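A.B. asks: With this note's numbering as the guide, the letters of the sequence shown map in order to residues 46 to 346.
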Amino acid sequence: MYQSTNKESFMSIFSTRTGAESAFSKKMLLLASMYLCQAIPLGYVFGSLPVIMREGRMSLAGIGGLFVLHLPWAFKFLYASWVDRTYLPRLGRRRTWIFPLQWLGACLLLAVSQFPPQSHFSAMYVLLLLLNIVMATNDIAVDGYATDILEPWERRWGNTIQAGARYVGMILGGGLMLFMHKSLGWQFLCLALAASVFLLSVPVFLHREMSSLYAGEPGSTGRKGVVAFLRQRNILVLLMLLIAPTVFIFSGFQLRTPMLVDLGLDSKTIGGCSCITPIPLVWLEPLRADGCCTGWAGPCS
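Right, dumping it as structure tokens:
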């Protein structure tokens, strides 16, 4: 009888732990698909596009102007509370935004494939600006969903997935696709990007939204909070002081790879280097997450 009780107790603990680990893995894979869905096309826009433009003898002023494409990410806080409050109950608070915006991003990439920068720069620029607005809005919902479903001990791993996805996106979008640009061309790579975004949207489309682990429903305070924030004395000046350095730093950052073109390197060589240099950071992310908190004993501890 005593042995039977011990065996049942062990099986119960093992089953509980296995179930928790399975739920954790599913969350991480879902987050990876959602963050990669943003990161790969953005890696192409901010990693590959400056080199492609410079190889096409386009001006440094035009390349530096790509910083405007990053502004939707800087200003998304202005409407984040509205995204948080507005949703279709049938789809779910987060899925209402996530997979429709992913599909819209794929459609925009299909359109971009018809407008190479050398001959249709203005049309390409407008479409890429729309793409960044779409992806920045998508990021609000994805970050919100991650906050909803992650246990406190899981949050640093969610952050690791987010940061790691950026590096992988730069490797694939800003490295591998740049490496293949001369061989495959603008149109084919944009179509491949659209296909990758659509495929990465499938997990969240097929997924049934999980309930939030934390109490509280979206209310009407978010709008008042943003308005009150913007009405604070000198807040607009403070925002300009925060945004201006980002603009100048990002503009300079965009010009580092075109400089390599001016020094005689081609897109294939630059793309190959961009595939290799972020790899150590990808491997270091799990170590950073594992070391940023102490006392973790895992699920079901």
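For each residue, glycine too, the CB sits at the ideal point set by N, CA and C.
Given the structure is predicted, the values throughout are model-derived calculations rather than measurements.
Would the beta-carbon of G220 fall within 8 Å of that of G92?
C.D. replies: As a first step, residue 220 must be located in the sequence shown, where it is residue number 175. As a first step, residue 92 must be located in the sequence shown, where it is residue number 47. Yes.
A.B. asks: Exposed or buried, what is V247 when buried is set at 16 or more other beta-carbons lying within 10 Å of its beta-carbon?
C.D. replies: Position 202 of the sequence shown, counting from 1, holds the residue named residue 247. Looking at its Cβ environment, which holds fewer than 16 other Cβ atoms inside 10 Å, V247 is exposed.
A.B. asks: Tell me the rounded alpha-carbon separation between V213 and P323.
C.D. replies: Locating residue 213 in the sequence shown gives position 168, where the first residue counts as 1. Locating residue 323 in the sequence shown gives position 278, where the first residue counts as 1. Each residue's alpha carbon lies about 8 Å from the other.
A.B. asks: Given this structure, state the Cα-to-Cα distance separating W198 from L245, to the nearest angstrom.
C.D. replies: Position 153 of the sequence shown, counted from the start, is the residue given in the question as residue 198. Position 200 of the sequence shown, counted from the start, is the residue given in the question as residue 245. Spanning the two alpha carbons is a distance of roughly 26 Å.
A.B. asks: Tell me the rounded alpha-carbon separation between Y89 and F144.
C.D. replies: What you label residue 89 is simply residue 44 of the sequence shown in a count that begins at 1. What you label residue 144 is simply residue 99 of the sequence shown in a count that begins at 1. Between Y89 and F144, the C-alpha separation is close to 21 Å.
A.B. asks: For M73 and G203, what's the separation of their Cα atoms in angstroms?
C.D. replies: For the purposes of this step, residue 73 is taken as residue 28 along the sequence shown, with counting starting at 1. For the purposes of this step, residue 203 is taken as residue 158 along the sequence shown, with counting starting at 1. Between M73 and G203, the C-alpha separation is close to 7 Å.
A.B. asks: Using CA atoms only, rank isn't needed, just tell me which of D307, V96, L153 is closest to I178.
C.D. replies: Locating residue 178 in the sequence shown gives position 133, counting from the first residue. Nearest option by C-alpha distance: L153.
A.B. asks: Can you give me the C-alpha to C-alpha distance between M255 and S67, rounded to a whole angstrom?
C.D. replies: Taking the first residue of the sequence shown as 1, we reach residue 255 at position 210. Taking the first residue of the sequence shown as 1, we reach residue 67 at position 22. Whole-angstrom Cα-Cα distance: 15 Å.
A.B. asks: Roughly how many whole angstroms lie between the Cα atoms of A210 and A84?
C.D. replies: On the sequence shown, residue 210 is found 165 positions in, with the first residue counted as 1. On the sequence shown, residue 84 is found 39 positions in, with the first residue counted as 1. Computed Cα separation, rounded: 6 Å.
A.B. asks: Return the CA-CA distance between L238 and H226, expressed in angstroms with no decimal places.
C.D. replies: Mapped onto the sequence shown, residue 238 falls at position 193. Mapped onto the sequence shown, residue 226 falls at position 181. So the alpha carbons of these two residues sit roughly 12 Å apart.
A.B. asks: Mapping the DSSP letters down to three states, classify S257 as helix, strand or coil.
C.D. replies: To locate residue 257, count along the sequence shown from 1; it is residue 212. Coil at S257, not helix or strand.
A.B. asks: CB L176 to CB P86, shorter than 8 Å?
C.D. replies: By 1-based counting over the sequence shown, the position of residue 176 is 131. By 1-based counting over the sequence shown, the position of residue 86 is 41. Yes.
A.B. asks: Relative to the alpha-carbon of F112, which residue among W148, L155, L173, L146 has its alpha-carbon at the smallest distance?
C.D. replies: The sequence position of residue 112 within the sequence shown is 67, counting from 1. Closest by alpha carbon: L173.
A.B. asks: Look up N204 in the DSSP assignment and say whether it is helix, strand or coil.
C.D. replies: Residue 204 sits at position 159 when you count from the first residue of the sequence shown. The answer is helix: DSSP assigns N204 an H, G or I state.
A.B. asks: Using a C-beta cutoff of 8 Å, does F233 count as contacting chain B?
C.D. replies: Annotation note: the requested chain B is absent from the structure, which comprises a single protein chain.
A.B. asks: Give the secondary structure of L43 by DSSP, where H, G and I count as helix, E and B as strand, and everything else as coil.
C.D. replies: Residue coverage of the chain in this structure runs from 46 to 346, which leaves residue 43 outside it and unanswerable.
A.B. asks: Measuring only the C-alpha atoms, how far is G297 from M304?
C.D. replies: Within the sequence shown, residue 297 is the residue found at index 252, counting from 1. Within the sequence shown, residue 304 is the residue found at index 259, counting from 1. Rounded to whole angstroms, G297 to M304 spans 11 Å at the Cα level.
A.B. asks: From the DSSP output, in three-state form, read off G107 for me.
C.D. replies: Here residue 107 refers to the residue found at position 62 of the sequence shown. Here G107 sits in helix by DSSP.
A.B. asks: Use the C-beta contact count for L123: other C-beta atoms within 10 angstroms, 16 or more gives buried, fewer gives exposed.
C.D. replies: As a first step, residue 123 must be located in the sequence shown, where it is residue number 78. The residue in question, L123, is exposed, as its Cβ has fewer than 16 Cβ neighbours within 10 Å.
A.B. asks: May I ask which residues mark the beginning and end of the alpha helix (DSSP H) holding S93?
C.D. replies: Walking along the sequence shown from the start, residue 93 turns up at place 48. Counting along the chain, S93 falls outside any alpha helix (DSSP H), and DSSP gives it neither H nor E.
A.B. asks: If distances are taken between C-alpha atoms only, which option among I288, M180, A77, W127 comes closest to S272?
C.D. replies: For this step, residue 272 is matched to residue 227 along the sequence shown. It is worth fixing the name first, because residue 272 is Val in this sequence and not Ser. Checked all of I288, M180, A77, W127; the closest Cα to V272 is W127.
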